[in-house]
Every structure is written in structure tokens, then in C-alpha cells.
Amino acid sequence: MARTPFVAGNWKMNTNKASAIELAKGVAKGAPAGVQVGVATPFVYLDAVGQALAGSKVQLGAQDVYFEKSGAFTGEISVEMLKDLGVAFCLAGHSERRHVLGESSELVGQKARAIVAGGLTLIHCVGEKLEQRDAGHTLNVVQSQLEELRGSVEDPNSLVIAYEPVWAIGTGRNATDQQAQEVHAYIREAMGRMWNPDFANRVRIQYGGSMKPDNAAGLMAQRDVDGGLIGGASLKPDSFLAIVNAAK
Ligand code: PGA
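Shown next as C-alpha cells:
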């Protein structure tokens, strides 16, 4: 079945207000038909970037969220707050949140559940560390991160998986086309077991980790690669749009 590719930029802790607006406008101007396009911006610029994207096809995304609805959670942001600003999708389980900020699998699962329950599209990030790959544990790691979604998602359109090998993120060392396809195929097969094959066939699986204009076409051409989650290369309209175009 044909899945519409989805390419999302993850700006991480980059840009300032003026450069965020400029970047958003540049992406909005060049975004082609045939690919779903989104940008996950820092919280503080969501409102300004949302206004810069108004009237375009580019979707506004958040990089994180807290799972509670409201209350005494100093510093946290709820799904309702994101929706209030026009956010369409939200990441959960990014490797920097898991491994730099120390989020547990339980917390990632709670966030994922809240994102879906609130009606946003979830980009659930999974991926192994280098030592886990070297020890032959890649598929087990990915399987256990998929388990975080058990019981939380019914509609395949509300879920996107981002396979991001930790050793490829921000390192300039991307997975080869074959390494990506192998894990993507496994993720689809595992989702087929957890839900059913039809559900698994509908869910988009993005690749992330040093995806650039010069390696995007090869990765996107893989059967189970349905787009990308782009960090460094999403910070310039030209490089981001080159990747978006490679997904067409
Ligand atoms: P990168 O980041 O493209 O800079 O490797 C990808 C990500 O972390 O989503």
C-alpha cells in the first residue's frame, strides 16, 4: 500500500526567534506536493513559527511534552497547550531525551499515550546505541521501545515511528541503506505482531540520523523507509527541502 512520505525537521535547541521565523518561511515557500512536511521547533518559538507557516502545507511540531493535563508541574508543557498553538505532531522518546535527559521507558510511554489521546500525531523515536548494535541487540532494543506504545494507539494515522540509530545522530555517520531497511522491515513486522499487518502497513517509518541531501535518495528508496526525521540538515531551507524532495 502506498504510504505518503513524511519528512520532519527537528530543530532541537537551535535558532532564535528571528532565525526560526526565517527558516519556517523558507521551508513553507519551497515545500512540494506529495510529501507531508513538518518542523519541530523549540517550545518558545512555536507561536511565532506557527504564524510564519500559516496558509502553507508545513505542519507545526513539538519536540517534547509532559503527559499530565495541567497542574503543579513547574516548567512542563501539556498537550492542550501545544494544541492551543496549532501543533499537529509531537516527538516522544528521542534519543537525546532518553540518553541525555535521562527519560525512562515508562515516562516515554506515558508521553506517547498523552500525545495520541490528545489527538496529535505521535512521532515515536526508537533506536539502538552503538554498543547494543555491536552486541547484536538492535532488534531487541527496538522491540522493547515499540512496547512503550502497547495499548495506546488504535489509529495507524496517528502514529509515525522514527528509527534513529543513536550512533548515527549528529555524528555524520548515517546507517547504510541496507542497515536502515533491515531495521525498518523488522519494525513493520513487529508492529504487525503487536497490532495487525494492515495497521503495520499503514504506519510511516522515518529514518533519522545524519540524513543529508546526498544520502537521502538512497535511504528513501528503501521499501520500508517512509521519510525522515532530520536534525542538522533541517536548519537550512535548502538542505531540508532537498531531503524533502528526495522523498517524493
Ligand atoms: P541529525 O539528527 O540529522 O542531526 O543526525 C537527527 C535527529 O536527532 O532527529
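Heads up, the sequence shown is in the numbering used here, so the first residue is 76 and it goes up one at a time. All C-beta atoms in this analysis are idealised placements derived from N, C-alpha and C, irrespective of residue type, glycine included. Here the structure is a predicted model, which is why all the values come from computation and not from measurement.
Going by the C-beta, is residue i closer than 7 Å to any heavy atom of the ligand PGA?
| i | result |
| --- | --- |
| E223 | no |
| N85 | yes |
| L304 | yes |
| S314 | no |
| A308 | yes |
| A95 | no |
| E239 | yes |
| I244 | yes |
| M88 | no |
| M266 | no |
| M156 | no |
| S285 | yes |
Please decide whether residue i counts as near chain D, where near means a Cβ-Cβ distance under 8 Å.
| i | result |
| --- | --- |
| F142 | You won't find chain D in this structure, because it holds only one protein chain. |
Could you give the C-beta distance for residue i and residue j, rounded to a whole number, given that I count them as a contact under 8 Å?
| i | j | result |
| --- | --- | --- |
| A237 | C200 | 4 Å |
| T213 | Q220 | With a Cβ gap of about 11 Å, T213 and Q220 do not count as contacting. |
| D139 | R188 | Not quite, the Cβ-Cβ distance comes to about 14 Å (not below 8 Å), so this is no contact. |
| Q256 | Q281 | Rounded, the Cβ-Cβ distance is 13 Å, inconsistent with contact. |
| V235 | V183 | With 8 Å as the limit, V235 and V183 do not qualify as a contact, their Cβ atoms being about 15 Å apart. |
| V102 | V133 | 6 Å |
| I318 | G303 | 6 Å |
| E229 | G168 | So it is not a contact: roughly 19 Å between Cβ atoms. |
| K144 | E155 | 7 Å |
| K68 | G125 | It is not possible to answer for residue 68, since the shown part of the chain is limited to 76 through 323. |
| F274 | M266 | 7 Å |
| L166 | N85 | 7 Å |
| Q185 | F142 | 4 Å |
Which residues share a DSSP beta bridge with residue i?
| i | result |
| --- | --- |
| R279 | V235 |
| N85 | A115 |
| L166 | I198 |
| G136 | A115 and F164 |
| I305 | G84 |
Whose C-alpha, out of the options, is nearest the C-alpha of residue i?
| i | options | result |
| --- | --- | --- |
| T116 | A147, G177, K287 and V162 | V162 |
| M295 | R173, E143 and A250 | A250 |
| L128 | N271, A275, D139 and V114 | V114 |
| A308 | Q297, V191 and A291 | A291 |
| V82 | G193, I96 and G283 | G283 |
| K204 | G184, A275 and W242 | W242 |
| L197 | S227, R268, D159 and A99 | S227 |
| K92 | F118, K323, V175 and F142 | F118 |
| P80 | V191, A108, T90 and A103 | A108 |
| L160 | Y120, S170 and E143 | Y120 |
| D64 | A317, K323, S285 and I244 | Outside the displayed range of the chain (76 to 323) lies residue 64, so it cannot be described from this structure. |
| D313 | P240, Y141 and G105 | G105 |
| Q254 | G202, G84 and P288 | G202 |
| I262 | E239, V154 and F315 | E239 |
| E325 | L310, N320 and A321 | No information on residue 325 is available, as it lies outside the stretch 76 to 323 that the chain covers here. |
| G136 | R268, G245, P288 and L195 | L195 |
| H174 | S233, I244, P231 and D289 | I244 |
| E264 | N215, E178, A99 and V112 | N215 |
| V258 | P231, R225, G211 and S170 | G211 |
What are the complete alpha helix (DSSP H) segments, minimum 4 residues, inside the region 185-212?
205-209
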